[in-house]
Structures are given as structure tokens and as C-alpha cells.
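Student: Right, I'll just put the structure down here and ask away after.
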Amino acid sequence: MEVDSVTDEVLSARTNGDKDPYKSEGQIILKIEKFSEFARESLGNRRLSDPVYIRGLPWRILAIVREMGRPAGCRCLGYFLQCNNGNQDPSWSCSAKATLKILAQKPEEENHVRQVTHVFHAKMDDWGYAQFMTFESIMNPEEGWYDQKEDAIILLVYVKADPPLGVKIDEERLKSLQGIKEKEKEIEINNSDGNLSKIKEELENLKKSKEKCEKQLTKKLKENKEIYERLAQNANQLAIINEENIKLKEENERLKNFNEYEEEIKVILLYVHIICI
726 MEVDSVTDEV
736 LSARTNGDKD
746 PYKSEGQIIL
756 KIEKFSEFAR
766 ESLGNRRLSD
776 PVYIRGLPWR
786 ILAIVREMGR
796 PAGCRCLGYF
806 LQCNNGNQDP
816 SWSCSAKATL
826 KILAQKPEEE
836 NHVRQVTHVF
846 HAKMDDWGYA
856 QFMTFESIMN
866 PEEGWYDQKE
876 DAIILLVYVK
886 ADPPLGVKID
896 EERLKSLQGI
906 KEKEKEIEIN
916 NSDGNLSKIK
926 EELENLKKSK
936 EKCEKQLTKK
946 LKENKEIYER
956 LAQNANQLAI
966 INEENIKLKE
976 ENERLKNFNE
986 YEEEIKVILL
996 YVHIICI
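Numbering (our numbering) for the sequence shown: 726 to 1002.
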């Protein structure tokens, strides 16, 4: 498991609080700091997480310093899920399934995970493992569960609970919560409508921009066509002029030849006239 994944799970648990206290499932987190000191504390010493409300009941992680029977004197972590602690009313109960984790805090290492199923009630309001794991195993640097630098471990529990029995639901709070949910949904819809209006406005602007570009392009093409036609016309005129120039040159050559021939005739006639005299 990557370190980023640990961060994601922790953030998910921290944001999974009392926003909806009647949700059917949720996550609880407990970071035990100064863990090396906790492991040396007296048997029975404990740490409790902040409560997370699920099905309207408070749920906590309970960590306790315990001792293994074998080998004697070997200390271990007691890891429990606690529900509705302090409510001594014998009529309440709540069935739940839970996943208890010690999160890996090193890349490529796995979380240590165990499952529990239990019906919580006044006489048995916590459930889990009295000997979840020895402190020695938890703090083994090769496993990756113990952050030696911060001297801490992270416990995370995912809970999925059935509706509780014998519990009076706070109708006013539930109604208020439903009102908040409806308001949030309304805000979300309004935001969606606002985004839709913004998108429509952007599309309209794009359409206008496209039409403007098309008009400019059409105008430019027309201008280029006129220039081409003028050039073509000029080229045609140049060709005609060039052809006329060639004809004029040919005519000039013939005229020149004729003049030379006329001069020769005059010389011959003069010569004949002299002979006749």
C-alpha cells in the first residue's frame, strides 16, 4: 500500500463526520501518538477516538493496553469498536459489521485488517480483539505500521450498521438535517443551472466569433478574387499588346525590306537610262 493511499484513507475518515449523523456507514480514525510510551503504560490504559455518528449513534475506536497469556508478560494492543457508550437503557441495540485496520505507513506494505460482526447493546457496547497484535509486532520496522519518526500508529475502522432498535430518534434534528440536505441539493442544482447558463453564453460567444470570422474570410476571398480577375485581365491585355508588337515588328521588317528593294530598283533604272542615252 502506498503512502498516498494512507493519506487518502485518513482524509476520507476525517471528512466522514457529523455531516449526516444518520448515515448507514462511515469511517472512524484514531492516531495514537507517543505510541512507544503508550505501549509501556499500565495495563488497562486506553485511548479513545472522537465520536463519529452513524445511524444516529456515536461510534468510537477504543485502544487498550493488554497482556498476552502466552508468553507471559508479552504486551499487546486491545482494539475495539465502541457504540453508544454510556447509554444504560437495556432496550437499545444495533447490529453492525466492521473492518478494523492498522494502516501501513510505508510504501509497498499492507494494512493489517480484521473483521467483526456484532449486535451492540447496553451490556456489550464494544466489540473487537483483546489481543489484536503484540506491541513488538506493531513496532517491527519491516512491517511498516509504526512511524518511528512520529512515534505513532493509525487505526481506522469502517462501520456499516443496521437501523438501531429501541432508540428514540431526534425527529427535530432529523427534520433539520433533511432540510439542510434539500437546501444543499437546491444549491447544487442552482450551481448546475448557473454553469449551464455560463456554458450557453460561452457557446453563443463562440458562435458570434465564428460568424465574424466567416464574414471576414468571405470578404477577403472576394477581394482576392477581384485582384486575381484584374491581374488576369491585365495579363490578357499584355498578351494582346505583345502580339500586336510582334506584328508591328514583322511589318516594320517587311517595310524595311521593301525600302531596300525600292532603292535597288531606282539604281537599276538609273543605270538603264544612262545606257540608253
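Ideal Cβ placement from N, Cα and C applies to all residues, glycine included.
Please read these numbers as outputs of a predicted model, since none were measured by experiment.
Got a sec? Which residues, its chain only, sit under 6 Å from residue 745 by beta carbon, not counting five neighbours each side?
Tutor: Contacts found: none.
Student: Sort 788, 761 and 752 by Cα distance to residue 769 and report the nearest one.
Tutor: Per the Cα distances, 788.
Student: Going straight from the alpha carbon of residue 850 to that of residue 864, what length do you get?
Tutor: So the alpha carbons of these two residues sit roughly 29 Å apart.
Student: Exposed or buried, residue 823, counting other C-beta atoms within 10 Å across all chains shown (16 or more means buried)?
Tutor: Residue 823 comes out buried.
Student: Could you tell me which uninterrupted beta strand (DSSP E) segments, each at least 3 residues in length, are contained entirely in the region 761-806, listed from first to last along the chain?
Tutor: DSSP runs (the beta strand (DSSP E)) wholly in the region 761-806: 771-773, 777-779 and 782-792.
Student: Just to confirm, is the Cβ distance from residue 892 to residue 784 under 9 Å?
Tutor: Their beta carbons are not under 9 Å apart, which means residue 892 does not touch residue 784 by this criterion.
Student: So, is residue 1002 buried or exposed, given that buried needs 16 or more other C-beta atoms within 10 angstroms?
Tutor: Exposed is the call here.
Student: With a threshold of 8 Å (Cβ to nearest heavy atom), would residue 990 be considered close to the ligand ATP?
Tutor: What this structure holds is no ligand at all, so the ligand ATP is not there to describe.
Student: DSSP three-state call for residue 960: helix, strand or coil?
Tutor: In this structure, residue 960 counts as helix in the three-state DSSP scheme.
Student: For residue 892, does the three-state DSSP call read helix, strand or coil?
Tutor: Note: residue 892 maps to coil in three-state DSSP.
Student: Enumerate in chain order the residues of its own chain whose CB-to-CB distance from residue 820 is below 6 Å, with the five nearest sequence positions on each side excluded.
Tutor: Result list for residue 820: 844 and 887, in chain order.
Student: Tell me whether residue 729 is buried or exposed, calling it buried when 16 or more other Cβ atoms sit within 10 Å of its Cβ.
Tutor: Because residue 729 sits at a pLDDT of 47, beneath the cut-off of 50, its placement in the model cannot be relied upon, and the point is left open.
Student: CB-CB under 6 Å to residue 803, same chain, minus the five flanking residues each way: which ones, in chain order?
Tutor: 789, 791 and 855, listed in sequence order.
Student: Pick from 842, 860, 749 and 811: whose alpha carbon is nearest that of residue 799?
Tutor: Selected option, being the one with the closest Cα: 860.
Student: Using only the alpha-carbon positions, how far apart do residue 979 and residue 943 sit?
Tutor: When rounded, the distance between both Cα atoms is 54 Å.
Student: Does DSSP classify residue 727 as helix, strand or coil?
Tutor: Low confidence applies here, because residue 727 scores a pLDDT of 40, under 50, leaving its location unreliable and the question unanswered by this model.
Student: Round the Cβ separation of residue 877 and residue 757 to the nearest angstrom and send it over; I've been treating them as touching at under 8 Å.
Tutor: Correct: roughly 6 Å between the Cβ atoms.
Student: With distances taken between CB atoms, is the gap from residue 883 to residue 830 smaller than 9 Å?
Tutor: No, the Cβ-Cβ distance between residue 883 and residue 830 is not below 9 Å.
Student: Whole-angstrom Cβ separation of residue 766 and residue 885, contact assumed at under 8 Å?
Tutor: Actually they do not touch by this definition, with Cβ atoms about 32 Å apart.
Student: Out of 808, 774, 773 and 794, point me to the one whose CA is closest to residue 780's CA.
Tutor: For the residues 808, 774, 773 and 794, the minimum Cα distance to residue 780 belongs to 808.
Student: In whole angstroms, give me the CA-to-CA distance for residue 951 and residue 945.
Tutor: Answer to the nearest angstrom: the Cα atoms are 10 Å apart.
Student: Which stretch, first to last residue, makes up the alpha helix (DSSP H) that contains residue 724?
Tutor: In the structure displayed, the chain extends from 726 to 1002; residue 724 sits before or after that span and is not available.
Student: Nearest-angstrom Cα distance between residue 982 and residue 954?
Tutor: Straight-line Cα distance between these residues: approximately 42 Å.
Student: Anyone know if the C-beta pair for residue 880 and residue 827 falls short of 9 Å?
Tutor: Yes, the Cβ-Cβ distance between residue 880 and residue 827 is below 9 Å.
Student: Closest to residue 812 by C-alpha separation, out of 848, 838, 778 and 796, would be which residue?
Tutor: Checking every option, the nearest Cα to that of residue 812 belongs to 848.
Student: What does the Cβ neighbour count give for residue 774, buried or exposed, with the cut at 16 atoms within 10 Å?
Tutor: Under this definition residue 774 is a buried residue.
Student: According to the Cβ coordinates, are residue 825 and residue 853 closer than 9 Å?
Tutor: Yes.
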